[in-house]
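Visitor:
Residue numbers (our numbering): 11 to 183.
Written as structure tokens, this is what we have:
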């Protein structure tokens, strides 16, 4: 998409397409970061509102997912920084995940619980890379870091996760 003026009808159509294609992924990502279904729904709506307002900044359609994930991560980080959120119980229940995210076997459930227990900076790299199936360059772009920085953080996240995976007998995966 070029910087040329975009008609409202084109923006509406493009936003509808983005929501239909990536809406569930963005909601799941927001839920896993925020660990609260209601906050995730609010954040997801805010992501698409921001996307609508900034649609002119999306240069190429093939980067739409990375662009939306970047907006989602930043929106969720903003919510996590909000002072009122620090005083809420955000312990996560995988039973409350959006339906499409619940298609895991028991092993996956154990791994996801351990991932969600990590610090946000480590959780984010694992979620984007393994659960959103984004490559290293896309993850790095979405997290506003270099690719080598992404790999370093991913390696640290994997190292922090390894003892828990071994404890569960999942280290071979």
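C-beta: ideal position from N, C-alpha, C; glycine also. All values reported here derive from a predicted model rather than from experimental measurement.
Quick check: residue 57 and residue 76, are their CB atoms within less than 8 Å of each other?
Guide: The answer is no: Cβ separation not under 8 Å.
Visitor: CA-CA distance, residue 169 and residue 71?
Guide: The straight-line gap from Cα to Cα measures roughly 35 Å.
Visitor: When the Cβ atoms of the segment 121 to 129 are set against those of the segment 23 to 32, are three or more pairs found closer than 8 Å?
Guide: Contact between the segment 121 to 129 and the segment 23 to 32 is absent, because fewer than three Cβ pairs lie under 8 Å.
Visitor: Check whether the Cβ atoms of residue 35 and residue 142 lie closer than 8 Å to each other.
Guide: Contact: yes.
Visitor: Can you tell me whether residue 48 is helix, strand or coil according to DSSP?
Guide: Residue state, collapsed to three classes: helix.
Visitor: Check residue 59 in the structure and name its three-state DSSP category.
Guide: Residue state, collapsed to three classes: helix.
Visitor: Can you tell me whether residue 61 sits near the ligand FMN, meaning its C-beta is under 7 Å from at least one heavy atom of the ligand?
Guide: Summarising the ligand content, the structure contains no ligands, and the ligand FMN is consequently not present.
Visitor: Applying the 10 Å Cβ sphere with the 16-neighbour rule, what's the burial state of residue 163?
Guide: Residue 163 comes out buried.
Visitor: In whole angstroms, what separates the C-alpha of residue 40 from that of residue 155?
Guide: Taking the straight line from one Cα to the other gives about 20 Å.
Visitor: Whole angstroms are fine: how far does the CA of residue 134 sit from the CA of residue 55?
Guide: Taking the straight line joining both Cα atoms gives about 20 Å.
Visitor: Excluding the five sequence neighbours on either side, which residues of its own chain have a C-beta within less than 6 Å of the C-beta of residue 147, listed in chain order?
Guide: Result list for residue 147: 157, in chain order.
Visitor: Between residue 79 and the rest of its own chain, which residues show a CB-CB distance below 6 Å, the 5 nearest in sequence each way excluded?
Guide: Result list for residue 79: 152, in chain order.
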